[in-house]
Amino acid sequence: QKEVEQNSGPLSVPEGAIASLNCTYSDRGSQSFFWYRQYSGKSPELIMSIYSNGDKEDGRFTAQLNKASQYVSLLIRDSQPSDSATYLCAVKGNNNDMRFGAGTRLTVKP
Amino acid sequence: EPEVTQTPSHQVTQMGQEVILRCVPISNHLYFYWYRQILGQKVEFLVSFYNNEISEKSEIFDDQFSVERPDGSNFTLKIRSTKLEDSAMYFCASTPLLSSDTIYFGEGSWLTVV
């Protein structure tokens, strides 16, 4: 069973703070790792993808991957109220099926 | 910007009826997916489809489900005899190349089984 685990939250941070979202996965053969954002009633939208160990930065977002620990995280700097959403960790293996975690609900308070 | 389109956006059906959900993937995409999300729960992988056949399917995708690409553009999910627990948002998704990892989602089809 390929599992993707996230802290379901909710996570609440003040505006301007750093939000830290974490994810672990069970399949050591996983190749690709993604963070999606999902607003209520909407489809997931891709924020970041990461494929190799280390950090990847894109604007206010930084994804971190540690394959040895089977751990991937997302940092959101200078959090804004518009960042309030559910953040989904997704992991893809060799066979192209992408599995999602349950999501972490983030609230950024003005 | 090209997008994955899904119809209907919302369907209400009686238990035991057959339902077909339709998707038009982005035109140059080769790999197609169906996911479902029961209200308040996680996005669950159902099936992936490549080169006119199922590539991978989950334990959820049992005999009541089927997929096909009847005309080279539409990609459909059929639920043969719907149950109350099939009520969910169904997302179609596609990716451009076999080696590409970015999956693009449609807006979803809400299915309510009564």
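These protein sequence lines are chains A and B, in that order. According to our numbering, the first sequence is numbered sequentially starting from 454. According to our numbering, the second sequence is numbered sequentially starting from 159. We treat Cβ as the ideally placed atom computed from N, Cα and C, and that holds for glycine.
Discussion item. For residue 511 (chain A), report the span of its beta strand (DSSP E) as first-last.
Written reply: 507-511
Practice prompt. Would you be able to state if there are at least three C-beta pairs under 8 Å between the region 471-479 of chain A and the region 490-502 of chain A?
Written response: no
Item to complete: List the residues of chain A whose Cβ lies closer than 7 Å to the Cβ of residue 259 (chain B), in chain order.
Response: 485, 502, 545
Worksheet entry | Interface flag, residue 433 (chain A) vs chain B, CB-CB below 8 Å | No answer is possible for residue 433 (chain A): the residues shown for chain A start at 454 and end at 563.
Practice prompt. Determine the DSSP secondary structure at residue 269 (chain B), reduced to helix, strand or coil.
Written response: strand
Worksheet item: To the nearest angstrom, how far is it from the Cα of residue 527 (chain A) to the Cα of residue 507 (chain A)?
Response: 12 Å
Item to complete: State whether the region 177-188 of chain B contacts the region 229-246 of chain B, with contact taken as three or more CB pairs (one from each stretch) at a distance under 8 Å.
Response: yes
Discussion item. Please report whether the beta-carbon of residue 189 (chain B) lies at a distance below 8 Å from any beta-carbon of chain A.
Written reply: yes
Worksheet item: For residue 255 (chain B), does the count of other Cβ atoms within 10 angstroms reach 16, so buried, or fall short, so exposed?
Response: exposed
Fill in: 6 Å CB neighbourhood of residue 487 (chain A) in its chain, flanking five on each side removed
502, 543
Discussion item. Using a Cβ-Cβ distance cut-off of 8 Å, determine whether residue 556 (chain A) contacts chain C.
Written reply: You won't find chain C in this structure, because its protein chains are A and B.
Worksheet item: For the region 499-528 of chain A, which residues have a beta carbon sitting closer than 7 Å to at least one beta carbon of chain B?
Response: 499, 502
Worksheet item: Can you name the residues of chain B whose CB is closer than 8 Å to the CB of residue 474 (chain A)?
Response: Per Cβ cutoff of 8 Å: no residues; residue 474 (chain A) is ~15 Å from chain B at best.
Discussion item. Going by DSSP in three states, residue 463 (chain A) sits in which element: helix, strand or coil?
Written reply: coil
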